[in-house]
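Reminder that position 16 of the sequence shown reads as 16 in UniProt numbering, one-by-one numbering, no gaps. The structure under discussion appears below in the form of structure tokens.
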Amino acid sequence: MNTEPKDWAGEMNIDLVLLKSGSRGVKVWSRNMGFYMPPFNVEVIDTTGAGDSFAAGLIYGLWKDLSIYEAVRFASACGAIATTFKGPHGKFEVEDVMKLIRVSREEFYDR
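The following block contains the structure:
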């Protein structure tokens, strides 16, 4: 068996492989594509719960029939927002996630 994550999708009949690297972003592979999603620029207070928030965001995005790219972007935003609270008790809404995505796009294009 190949040990490269990008090959697991095909060899093991896995639809999606994600390699999360916290502040370094996430690498994503599916059977026919791969991409890197950079992290969102937020002021990190505490990383507790960020991974759970990422997972919840990914599940939500896929449930809402977003593309893999958009679902991972949504998940990354969820994980980023979770780091802006002390402890795992931060509460945020879909609108907060969409605002972070929108603001980050504006910052990217304003460079």
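Note that the Cβ used here is the ideal one computed from N, Cα and C, for glycine as well. Predicted model only: the values in this text are computed from it and were never measured.
Given Phe92, which residues of its chain have a CB within under 7 Å of its CB, disregarding the five upstream and five downstream residues? Against the sequence shown, residue 92 aligns to sequence position 92. Here the set comprises Ile81.
Out of Leu58, Asp65, Glu43, which has the shortest C-alpha to C-alpha gap to Val28? Numbered from its first residue, the sequence shown carries residue 28 at position 28. For Val28, the nearest C-alpha among the options comes from Leu58.
Note the first and the last residue of the continuous beta strand (DSSP E) segment covering Val28. Translated into the one-based positions of the sequence shown, residue 28 becomes position 28. Taken as a continuous stretch (DSSP letters only), the beta strand (DSSP E) holding Val28 covers 26–30.
Going by DSSP, what residues sit across from Phe35 in a beta bridge? Residue mapping note: residue 35 aligns to position 35 of the sequence shown, counting from 1. DSSP output for Phe35 lists Val28 as bridge partner(s).
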